[in-house]
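S.K.:
In the working numbering, the protein residues as written are 31 to 145.
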């Protein structure tokens with residue numbers, strides 16, 4: 031039974047997965063279906079969490095929209111995610127940036143990683 035599940039999940043993996051980490055500012059191009067039409071909507075924000083592995087991997091992106099914090103969790107290998115574009119690499123020392131939820135303004139920023 032376990033081999034059957036592994037084969038099904040292996041078929042659903044994306045060939046190219048973008049390389050990004052927690053603290054990075056990303057643009058997520060998500061497909062949205064409205065009636066019989068399909069369009070792409072961009073969601074730009076900071077990656078505050080990555081979890082799971084294989085086909086179950088998800089990541090959470092947070093942004094401020096008109097003074098209100100908005101978070102979206104995306105499945106990494108989902109067909110509804112067109113692409114993930116990294117804008118900035120962030121310098122963080124945590125695996126999960128939950129502390130950003132309580133911050134507003136300049137204190138909610140993440141330093142940029144200079145290579």
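C-beta atoms are modelled at their ideal positions from N, C-alpha and C, and glycine is treated no differently. Treat the numbers as computed from the prediction; the structure is a model and nothing was measured.
(1) Around the Cβ of residue 43, are there at least 16 other Cβ atoms within 10 angstroms (buried) or fewer (exposed)?
(2) Pull up the DSSP beta-bridge partners for residue 73, would you.
(3) Answer with buried or exposed for residue 75, where buried requires no fewer than 16 other C-beta atoms within 10 angstroms of its C-beta.
(4) Report the three-state DSSP secondary structure of residue 81 (helix, strand or coil).
(5) Secondary structure at residue 66, three-state DSSP: helix, strand or coil?
(6) In the DSSP assignment, what residue or residues form a beta bridge with residue 100?
(7) According to DSSP, residue 116 sits in a beta bridge with which residue or residues?
(8) Is any non-hydrogen atom of the ligand GTP found closer than 8 Å to the C-beta of residue 69, if you look at the structure I gave you?
(9) How would you label residue 33, buried or exposed, when you count the other beta carbons within 10 angstroms and need 16 or more for buried?
(10) When you compare the segment 81–88 with the segment 56–71, are there three or more beta-carbon pairs, one atom per stretch, that lie closer than 8 Å?
(11) Strictly by DSSP, which residues pair up with residue 111?
M.R.: Taking the structure as given:
(1) As a first step, residue 43 is located in the chain shown; it is residue number 13 there, counting from the start. Counting Cβ neighbours within 10 Å, residue 43 comes out exposed, since fewer than 16 surround it.
(2) Numbered from 1 along the chain shown, position 43 holds the residue referred to as residue 73. According to DSSP, which records beta bridges pairwise, residue 73 is partnered with 58.
(3) As a working mapping, residue 75 is identified with position 45 in the chain shown. Its Cβ being crowded by 16 or more others within 10 Å, residue 75 is buried.
(4) The sequence position of residue 81 within the chain shown is 51, counting from 1. Of the three classes helix, strand and coil, the one that applies to residue 81 here is strand, per DSSP.
(5) Taking the chain shown and counting its residues from 1, one reaches residue 66 at position 36. Reduced to three states, the DSSP call for residue 66 is coil.
(6) Start at 1 with the first residue of the chain shown, and residue 100 comes out as number 70. 93, per the DSSP bridge assignment.
(7) Locating residue 116 in the chain shown gives position 86, counting from the first residue. Its beta-bridge partners are 56.
(8) The ligand GTP is not part of this structure, which contains no ligands at all.
(9) By 1-based counting over the chain shown, the position of residue 33 is 3. Looking at its Cβ environment, which holds fewer than 16 other Cβ atoms inside 10 Å, residue 33 is exposed.
(10) no
(11) The sequence position of residue 111 within the chain shown is 81, counting from 1. In the DSSP assignment, residue 111 is bridged to 60.
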